[in-house]
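Oh and the sequence shown: position 220 is 220 in the UniProt record's numbering, straight run, nothing missing. Think of the CB as a built atom: it goes at the ideal place given N, C-alpha and C, for glycine as much as any other residue. To start, the structure under review is shown below, and the notes come after it.
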Amino acid sequence: MLKGKDMLSIHDLSVDEVQEILTLAKELKAKQKAGVEHHLLKGKTLGMIFEKSSTRTRVSFETGMYQLGGQALFLSNRDLQLGRGEPIKDTARVLSRYLDGIMIRTFGHDRVEELAQWADIPVINALTDLLHPCQVLTDLLTIQEHKGKNLKGLKMAYVGDGNNMTNSYMYGCAKAGMTFVAATPEDYRPDETVMKNAIEDAKQTGASISVITDPQEAVKGADIVVTDTWASMGQEDEHEARKKIFAPYQVNKELMALADKRAIVMHCLPAYRGEEITEEVLEANADVIFDEAENRLHTQKAIMALTMC
Ligand code: CP
Ligand code: NVA
Numbered sequence: 001m002l003k004g005k006d007m008l009s010i011h012d013l014s015v016d017e018v019q020e021i022l023t024l025a026k027e028l029k030a031k032q033k034a035g036v037e038h039h040l041l042k043g044k045t046l047g048m049i050f051e052k053s054s055t056r057t058r059v060s061f062e063t064g065m066y067q068l069g070g071q072a073l074f075l076s077n078r079d080l081q082l083g084r085g086e087p088i089k090d091t092a093r094v095l096s097r098y099l100d101g102i103m104i105r106t107f108g109h110d111r112v113e114e115l116a117q118w119a120d121i122p123v124i125n126a127l128t129d130l131l132h133p134c135q136v137l138t139d140l141l142t143i144q145e146h147k148g149k150n151l152k153g154l155k156m157a158y159v160g161d162g163n164n165m166t167n168s169y170m171y172g173c174a175k176a177g178m179t180f181v182a183a184t185p186e187d188y189r190p191d192e193t194v195m196k197n198a199i200e201d202a203k204q205t206g207a208s209i210s211v212i213t214d215p216q217e218a219v220k221g222a223d224i225v226v227t228d229t230w231a232s233m234g235q236e237d238e239h240e241a242r243k244k245i246f247a248p249y250q251v252n253k254e255l256m257a258l259a260d261k262r263a264i265v266m267h268c269l270p271a272y273r274g275e276e277i278t279e280e281v282l283e284a285n286a287d288v289i290f291d292e293a294e295n296r297l298h299t300q301k302a303i304m305a306l307t308m309c
């Protein structure tokens, strides 16, 4: 179903395609743990364009490609002619002559869309200012592992900045039939168009998507509590000011007391302890949070295998 397609946003995937990715991710995880070869992309090459920093994304895509029998090329925009102003449309057409797929992490979402428009190989969004779909698909797999396979009806509360993670959670929860409530300061709400689209998507699955300002209200009875940095990549200059604005949005023991007793806490990492999350809450949920980090590998292998095969 996904063969030859781009993976730019969870909004573009059908409910069945989301399920297909999660099912294959689980299968590939089991195979890798059992030492069973799964060279689904033998002889294929993924180009990985990075215009922002990364630990998890780079290492998991590169390792994932190797485990699938292919190889990956790390392409920093410091080295690419793209970084010196070569147009995206030319870069896309050139890379399409060498590679079997492109993964890109960049700033404006329009850059990824332009790349995908001009490339005739699958393009995978590995984070833009707007969306981080690979991370949220990974989080759905991790929730299935910790909360049971049926995601429908589970309540996720997101607390903090309305950013690329919040936007992608709205799309992911809508496709999974979950109840999603974000609590953000009024001026830091997630993207309005994404929210409208997610509310529309939610009609298919019975999901519920809402954004409020009160973190206590959002977390009430939640099965999953998530947060993310208060200052995303590109917002470094605002970090100090944001620390003050977001102080009431910290995920700490007091806030967690309002969630369901068996609630799990997730964080895409990197985490800023003492800011969006306390050391205590992070370490108490380290098993989930590092499973989440590991699952980037398995989920992205599924995405690559399905799109690039
Ligand atoms: N969560 C995530 O995308 O991590 P990196 O920025 O390290 O890739
Ligand atoms: N919102 C964060 C996510 C990092 C994985 C950022 O964009 O920097």
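Limits of the alpha helix (DSSP H) - the one that residue i falls within
i: Ile21; result: 15-34
i: Ser96; result: 88-98
i: Leu115; result: 109-118
i: Val59; result: 56-67
i: Lys253; result: 253-256
i: Ala247; result: Note, Ala247: premise wrong, no alpha helix (DSSP H); not H, not E.
i: Val271; result: Contrary to the premise, residue 271 reads as Ala rather than Val in this sequence. Per DSSP, Ala271 belongs to no alpha helix (DSSP H) and is neither H nor E.
i: Thr299; result: 286-308
i: Met195; result: 192-205
i: Ala218; result: 215-219
i: Thr142; result: 133-147
Residue burial classification, residue i (beta-carbon count within 10 angstroms, cutoff 16)
i: Phe74; result: exposed
i: Ala34; result: exposed
i: Phe290; result: exposed
i: Ser14; result: exposed
i: Met304; result: buried
i: Pro270; result: exposed
i: Ala92; result: buried
i: His267; result: buried
i: Arg296; result: buried
Residues of its chain near residue i, where Cβ-Cβ distance is below 6 Å and the 5 sequence neighbours each way are ignored
i: Ala176; result: Leu140, Leu151
i: Gly83; result: Asn77
i: Ser208; result: Thr179
i: Val226; result: Tyr158, Met266
Close Cβ partners of residue i (< 7 Å) along its chain, the five nearest in sequence each way excluded
i: Lys220; result: Leu258
i: Asp120; result: Ser96
i: Glu113; result: Leu8
Beta strand (DSSP E) segment containing residue i, residue limits
i: Leu75; result: 71-76
i: Tyr169; result: Segment 164-176 is the alpha helix (DSSP H) holding Tyr169; no beta strand (DSSP E) there.
i: Asn125; result: 123-125
i: Thr227; result: 224-227
i: Ala157; result: 155-159
i: Leu46; result: 45-50
i: Ile104; result: 101-105
Cβ-Cβ distance between residue i and residue j below 8 Å
i: Thr184; j: Val211; result: yes
i: Glu292; j: Trp230; result: no
i: Ile21; j: Ile104; result: no
i: Ile143; j: Trp118; result: no
i: Gly172; j: Ile10; result: yes
i: Lys301; j: Gly43; result: no
i: Thr205; j: Ala174; result: yes
Beta-carbon proximity list for residue i, same chain, < 8 Å, skipping 5 on both sides
i: Lys3; result: Leu306, Thr307, Cys309
Near ligand 4: residue i beta-carbon under 7 Å from a heavy atom
i: Pro270; result: Ligand 4 is not among the ligands present in this structure, which contains only ligand 1 and ligand 2.
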